[in-house]
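Here is the structure we will look at.
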Amino acid sequence: MNICVFLSAADLDERYTRPAREFAELLGKGGHTLVWGGSDVGLMKVVADGVQEAGGRLTGVSVEFLAAKARPNVERMVVAKDLAERKALLLENADAVVVMVGGTGTLDEATEILELKKHGKTEKPVVLLNTAGFYDGLKEQFRRMEDEGFLPLPLTELVFFAEEPVSALAYLEESAGTR
Numbered sequence: 246m247n248i249c250v251f252l253s254a255a256d257l258d259e260r261y262t263r264p265a266r267e268f269a270e271l272l273g274k275g276g277h278t279l280v281w282g283g284s285d286v287g288l289m290k291v292v293a294d295g296v297q298e299a300g301g302r303l304t305g306v307s308v309e310f311l312a313a314k315a316r317p318n319v320e321r322m323v324v325a326k327d328l329a330e331r332k333a334l335l336l337e338n339a340d341a342v343v344v345m346v347g348g349t350g351t352l353d354e355a356t357e358i359l360e361l362k363k364h365g366k367t368e369k370p371v372v373l374l375n376t377a378g379f380y381d382g383l384k385e386q387f388r389r390m391e392d393e394g395f396l397p398l399p400l401t402e403l404v405f406f407a408e409e410p411v412s413a414l415a416y417l418e419e420s421a422g423t424r
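Sequential numbering of the sequence shown, starting at 246, is according to this note's numbering.
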């Protein structure tokens with residue numbers, strides 16, 4: 246599978262990098278391709294390193310103003326003109342999506358894929374990897390949206406919340422029928 250991972254490019258604490266490395270290793274060993282923002286810094290670098298070291302492939306989608314931070318020596322690197330085009334290309338090149346810890350950019354990417362699913366524009370499986378409880382508040386907000394009638398689909402049809410990397414990949418592989 247081509248698995249898009251939305252995540253931070255920041256340098257983060259071990260409580261976030263350890264699970265990210267674990268997921269990357271599982272992804273690579275499973276023969277999957279990482280589709281990601283293409284940066285060779287922070288958590289993005291951690292995941293790309295892990296996938297490559299475990300035998301997986303890399304498809305990067307950078308953006309012009311960040312091209313200087315793009316990872317060299319990948320199977321494929323695309324440079325988008327802006328962030329909107331980058332998001333579209335990331336999703337176009339992916340069979341599934343995993344949302345890891347991140348800031349406003351990651352949240353923007355996550356809500357866009359969920360909005361597309363809500364409107365039936367994609368059926369790609371989406372996993373929110375809730376490392377160290379990072380997304381507990383968002384999970385609660387989504388439940389409130391569901392309970393109060395803001396979501397036209399059950400939350401379970403929009404996103405799968407995984408607490409550990411192994412359950413995130415297992416869900417994706419089951420969704421794709423490869424497990």
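Ideal Cβ placement from N, Cα and C applies to all residues, glycine included.
Using only alpha-carbon positions, find the residue among L396, L374 and F379 that is nearest to L414.
L374 is the residue among L396, L374 and F379 whose C-alpha sits nearest the C-alpha of L414.
For H425, is the classification buried or exposed, using 16 other Cβ atoms within 10 angstroms of its Cβ as the cut-off for buried?
In this structure the chain extends from 246 to 424, so residue 425 is not present and cannot be described.
Cβ-Cβ distance between P370 and A341 below 8 Å:
It is a contact, given that the beta carbons lie within the stated cut-off.
Would you call the region 284 to 304 and the region 249 to 258 in contact, with 3 or more CB pairs under 8 Å?
A contact between stretches requires three or more CB pairs, one per stretch, nearer than 8 Å, and the region 284 to 304 meets this requirement with the region 249 to 258.
Following the continuous alpha helix (DSSP H) through G350, name the residue where it begins and the one where it ends.
T349 to K363
Quick one, which of R266, M246 and F379 has its alpha-carbon nearest V292's?
R266
What number of angstroms, rounded off, separates the C-alpha of A299 from the C-alpha of T376?
21 Å
To test your reading of the DSSP string, which unbroken alpha helix (DSSP H) runs of 4 or more residues are found completely within the region 292 to 345?
328 to 337
Name the DSSP beta bridge partners of L373, please?
Paired residues: V344 and F406.
Which same chain residues end up closer than 7 Å to E357 when comparing Cβ atoms and leaving out the 5 residues on each side of it in sequence?
K332
Out of curiosity, what's the CA-to-CA distance linking L398 and V319?
38 Å
Rounded to whole angstroms, what's the CA-CA distance from L335 to V280? Just pull it up for me.
Distance between the alpha carbons of L335 and V280 is about 7 Å.
Pop quiz: V308 and V324 are said to be a contact at Cβ under 8 Å. What is the actual Cβ separation, rounded to whole angstroms?
7 Å
L279: first and last residue of the uninterrupted beta strand (DSSP E) it sits in
Counted as a single uninterrupted DSSP element, the beta strand (DSSP E) harbouring L279 occupies residues T278 to W281.
Start-to-end residues for the alpha helix (DSSP H) that takes in F268:
E259 to K274
Could you have a look at F395 and say whether DSSP puts it in helix, strand or coil?
coil
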